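The next block holds one structure in the form of structure tokens; read it before the comments.
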Amino acid sequence: GFLGASDSANNPTPLSGDEEQLLFHCVTGVRHVMLFRWEYFQPSFRSCVRDCLLAIGLGCYSAGSVALPRTFTMACLSSAASFWKRAWTTGASNDTSTQVQQDSQQNYLESLMTTNLMPSMQRFNSTDGQELFSYLN
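Under the working numbering, the first residue of the sequence shown carries the number -10, and numbering increases by one thereafter.
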């Protein structure tokens, strides 16, 4: 089997604390290397890594036999967000082509949220803070 695998898809096996810590450090290590050596990587590779981490963080690659811990999925989402921000800020200028590129990336990100790639995701439509905390729990 693989890390945290179980025989039943209905009863996901939680990862041990050591396995969770290892996954967390792997993701943060990838984040550190990518951001530290940003200019050395091709934009297509950076986008691929970003999209992969985003998909893992959103649960798109969940096989059902492994219960991915929240610390790991949040690290993936945080890393993906850091890559989006770095891409937007490194190309920041008054150039209109940069703005068009940023808009197309924003449209791409929004299209991910509206497609059926993530059927379990729900939009939160309230402005009440207490409802938001209840929703998140």
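Just so you know, even glycine gets a beta-carbon here, dropped at the ideal spot from N, CA and C.
Keep in mind it's a predicted model, so treat the numbers as computed, not measured.
- Residue range 59 to 79 is occupied by the alpha helix (DSSP H) that includes residue 77.
- Non-local C-beta neighbours of residue 44 in its own chain, meaning closer than 7 Å and more than five positions away in sequence, comprise 50, ordered along the chain.
- Within the DSSP secondary-structure output, residue 17 pairs in no beta bridge.
- Rounded to the nearest angstrom, the Cβ distance from residue 68 to residue 22 is 11 Å, too far for a contact under 8 Å.
- In this structure, residue 72 sits away from residue 16, with a CB-CB distance that is not shorter than 8 Å.
- When the five nearest sequence neighbours on each side are left out, the beta carbons in the same chain lying within less than 8 Å of the beta carbon of residue 35 are those of 23, 27, 72 and 76, in order along the chain.
- When only Cα atoms are considered, residue 57 and residue 33 end up about 27 Å apart.
- Scanning its chain for C-beta atoms nearer than 6 Å, with the 5 sequence neighbours on each side dropped, one finds around residue 12 the residues 61, in chain order.
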